[in-house]
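Numbering (my numbering), first residue to last: 2 to 274.
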């Protein structure tokens, strides 16, 4: 059975200062922020990269809890009717980490994307392994989401591959540092324009033991128009309503993505939910 026809989609991006390696505190904070913001049932909710712990490499501390974050996300989806995208870590059988974005749908569907590009200057590759597939989640008729994580944003071919596979809502959850926040903003807009797709960028704010983070979460239309943008330091639920029909009309008027040459793209494994 296909997803229902949609003309609009409410989105809510949770930008906050993540409590370092304290999952329960972060879960409680996120839920309180969403309820206080009056986020509607059926909304798509984004939580930043490793949003339950912060950008930690301490896998023993952040992974060995029996899947606490995914259990919490399932409860949130069931209780409130939200579609959640949560950033969290998993530990593989060999002990290495997986930096994940998991989509949890109130209808029971769950799908996980594992970050493909690991940032070596922050030594992420010493602890985590890169993923091997893109994820495409059908949210509604005409709305297909593909999630990405932070450093992936610098690699446009990955977004183009997902767009070619049918995604038209591209999300980026991140722990993006303040010193490079201008690049974050420009790259998000570029990904929207070049793929004629909605782009949501959900970044954290505040600090951890190593870095300061620049917020600036954004909602961007397929023509590059910024529909909503958070400040660098504020803790906020950034809300917007995507007009799906208007986005499709824009793409139909100027359908340049249909003129790309697929043979130049290569291929990638895809998982669909």
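Note that CB positions come from ideal geometry on N, CA and C, so glycine has one too.
Under the three-state reduction of DSSP, residue 20 is assigned to coil, being neither helix nor strand. Here residue 122 is exposed. Its C-beta has fewer than 16 other C-beta atoms within 10 Å. In the structure shown, residue 38 falls within a coil segment according to DSSP collapsed to helix, strand and coil.
Here residue 118 is near residue 153, since their CB atoms are less than 7 Å apart.
Distance from the Cα of residue 151 is smallest, within the candidate group 51, 240, 259, 133, for 51. Closest option to residue 40, judged by alpha-carbon separation, among 245, 241, 248: 241. Here residue 257 is exposed: its Cβ has fewer than 16 other Cβ atoms, across all protein chains shown, within 10 Å.
Using a Cβ distance threshold of 7 Å, residue 218 and residue 204 count as a contacting pair. The three-state reading of DSSP puts residue 148 in strand, counting E and B together. Cβ-Cβ separation between residue 266 and residue 165: approximately 6 Å, consistent with a contact (criterion under 8 Å). Between residue 137 and residue 184, the C-beta gap is not smaller than 7 Å, which leaves the two residues out of contact. In this structure, the straight-line span from the alpha carbon of residue 191 to that of residue 225 is close to 7 Å. For residue 198, the secondary structure class from DSSP, reduced to helix, strand or coil, is coil.
Relative to the Cα of residue 270, the nearest Cα in the group 114, 231, 177, 208 belongs to 114.
Take the alpha-carbon of residue 74 and the one of residue 163: they are about 25 Å apart. The distance from the Cβ of residue 16 to that of residue 237 is about 5 Å, consistent with a contact at the 8 Å cut-off.
For residue 84, the uninterrupted beta strand (DSSP E) segment begins and ends at 84–92. Boundaries for residue 52: no alpha helix (DSSP H) harbours it, and the DSSP string shows neither H nor E there.
DSSP places residue 64 inside the alpha helix (DSSP H), whose first and last residues are 60–64.
Within the same chain, no residue comes within 6 Å of residue 32 by CB-CB distance, once the 5 residues on both sides are set aside. Counting along the chain, the unbroken beta strand (DSSP E) around residue 229 starts and ends at 227–230. Counting along the chain, residue 78 sits inside the alpha helix (DSSP H) bounded by residues 69–81.
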